[in-house]
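Here is the structure we will look at.
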């Protein structure tokens with residue numbers, strides 16, 4: 050009796066008591082990057098419709114699963130059950146969940162009563178999944194099935210996130226080690242009325258992204274490929290990134306991936322993630338910083354990789370790729386001028402008079418603007434970007450609040466508040482200073 054109790058307090062004893070004879074065990078292993086740990090864990094949980102869970106154990110052990118089941122321990126006490134640690138892992142923006150660093154499941158398939166053992170663990174900062182059974186072919190099929198479930202139930206699918214490549218913290222002399230990181234972003238619920246764009250720009254964005262995504266299956270029946278590429282260009286501060294956030298908030302049944310900076314130099318990884326969680330919208334920001342003209346480009350291999358990805362995307366890939374730049378003249382012509390790589394170039398310019406009037410009205414909605422002549426404000430902001438106009442309004446409200454001593458929204462705004470503000474914002478720095486804040490005129 051004491052021997053049986055001793056056996057039940059060991060991981061091999063617990064597993065064998067449910068699994069049966071294990072001297073001729075077969076095992077298979079698959080390794081995922083660490084960020085996929087929640088996906089792997091959820092894949093096993095998703096088996097509940099096909100399997101009965103006979104036993105689940107969380108316990109930490111160093112030996113491979115095959116060794117645990119088929120060989121005696123090489124030292125006393127190494128297989129004693131212990132409390133495995135749990136680690137919080139991001140599953141959405143500002144949302145975490147604790148996952149055990151190591152778990153075992155004994156599963157029995159409902160259809161044929163065959164049993165499998167599954168182990169998920171954090172091994173060398175990788176998500177490691179091991180399966181054990183009596184037939185190698187069945188095990189490989191079972192492992193492939195788990196991989197598909199991990200993709201289907203991924204915490205990243207239909208979410209918004211940013212890809213970063215950051216220092217790994219490992220120092221090998223001159224080698225600059227980098228690691229792959231996913232950072233969830235909020236899915237902004239932006240109303241269409243908040244997107245202040247020229248009518249032509251809005252129409253092109255809606256047709257090439259929103260309508261294309263929502264009807265891609267119907268369009269595919271007509272022979273239209275499921276992939277599309279757009280290039281948004283124009284001076285900074287006019288809503289290129291904001292438009293992409295609007296699309297991410299609108300298309301909730303798509304995975305939206307933002308990549309910039311060092312991520313652009315690892316473009317193959319970006320597209321691999323996009324294909325894994327498609328349908329996907331891939332936003333590559335400020336591409337001129339990496340994908341400039343070949344003659345002045347120190348990142349030629351990365352440029353080649355991007356062109357390979359744009360060319361190599363299969364017709365079956367459900368991808369919309371949006372590239373943004375403030376300097377289209379610097380972008381490599383093989384990207385912007387090659388049909389098939391970019392389907393549509395869309396200029397997002399500084400707003401014209403009609404759009405400035407509409408934007409000023411929206412920013413001042415709820416304030417006491419009875420004394421203001423909006424045509425005068427429109428003239429004051431000629432040549433200004435959306436970003437300049439927003440700061441122009443906020444700063445003018447600050448000046449009005451100082452003048453009146455009021456912090457209530459019904460404070461009376463006057464034209465002089467805006468004149469003082471415009472003079473302050475454009476007085477210093479000369480032409481370069483005005484350009485920095487989004488005011489591109491000599492007036």
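In this note's numbering, the protein residues as written are 50 to 492.
C-beta atoms are modelled at their ideal positions from N, C-alpha and C, and glycine is treated no differently.
Since we're looking at a predicted model, the values are computed, not measured.
Assigned exposure category for residue i - 16 Cβ within 10 Å defines buried
i	result
residue 454	exposed
residue 449	buried
residue 402	exposed
residue 205	buried
residue 159	exposed
residue 220	At residue 220, the pLDDT of 43 sits below 50, so the modelled position is not reliable; the number obtained from the coordinates is stated separately. Residue 220 should be labelled exposed.
residue 87	buried
residue 173	exposed
residue 179	buried
residue 305	buried
residue 136	exposed
residue 97	exposed
residue 337	buried
residue 493	The structure shown does not extend to residue 493, since the chain is modelled only from 50 through 492, so no value can be given for it.
residue 147	exposed
residue 197	exposed
Presumed contact (8 Å Cβ cut-off) between residue i and residue j, rounded CB distance
i	j	result
residue 327	residue 367	4 Å
residue 279	residue 186	Not a contact, Cβ separation roughly 46 Å.
residue 323	residue 236	Wrong, their Cβ atoms sit about 17 Å apart, outside the cutoff.
residue 331	residue 370	5 Å
residue 164	residue 153	At roughly 13 Å, the Cβ-Cβ gap does not stay under 8 Å, so residue 164 and residue 153 are not in contact.
residue 234	residue 373	So it is not a contact: roughly 16 Å between Cβ atoms.
residue 156	residue 100	4 Å
residue 118	residue 181	6 Å
residue 409	residue 438	7 Å
Helix, strand or coil at residue i according to DSSP, with G and I counted as helix
i	result
residue 61	helix
residue 278	strand
residue 404	helix
residue 73	coil
residue 301	coil
residue 310	helix
residue 142	coil
residue 353	helix
residue 134	coil
residue 226	With a pLDDT of only 43 at residue 226, under 50, the local geometry of the prediction cannot be trusted, and the value read off the model is given with reservation. Strand.
residue 327	coil
residue 321	helix
residue 284	coil
residue 181	strand
residue 368	strand
residue 519	Within the shown structure, residues of the chain are numbered from 50 to 492, placing residue 519 beyond reach of any answer.
residue 416	coil
residue 506	The structure shown does not extend to residue 506, since the chain is modelled only from 50 through 492, so no value can be given for it.
residue 129	strand
Straight-line Cα distance separating residue j from residue i
i	j	result
residue 170	residue 176	6 Å
residue 288	residue 261	21 Å
residue 301	residue 207	6 Å
residue 128	residue 183	22 Å
residue 286	residue 202	37 Å
residue 310	residue 232	14 Å
residue 195	residue 458	57 Å
residue 429	residue 471	7 Å
residue 138	residue 292	30 Å
residue 215	residue 314	12 Å
residue 62	residue 120	12 Å
residue 246	residue 256	14 Å
residue 92	residue 199	5 Å
residue 299	residue 122	56 Å
residue 423	residue 290	27 Å
residue 140	residue 150	16 Å
residue 263	residue 269	12 Å
residue 213	residue 319	9 Å
residue 90	residue 398	47 Å
residue 272	residue 85	35 Å
Option in the options with minimal Cα separation from residue i
i	options	result
residue 58	108, 83 and 69	108
residue 113	138, 90, 131 and 77	77
residue 433	451, 406 and 419	406
residue 465	439, 418, 103 and 435	418
residue 250	239, 306 and 400	400
residue 211	146, 134, 316 and 243	316
residue 254	295, 215 and 476	295
residue 394	410, 408 and 377	377
residue 66	106, 85 and 81	106
residue 334	283, 421, 304 and 68	283
residue 329	426, 264 and 303	303
residue 74	89, 81, 80 and 64	64
residue 442	420, 452, 456 and 411	411
residue 312	277, 476 and 355	355
residue 445	435, 431 and 463	463
residue 497	241, 271 and 272	Within the shown structure, residues of the chain are numbered from 50 to 492, placing residue 497 beyond reach of any answer.
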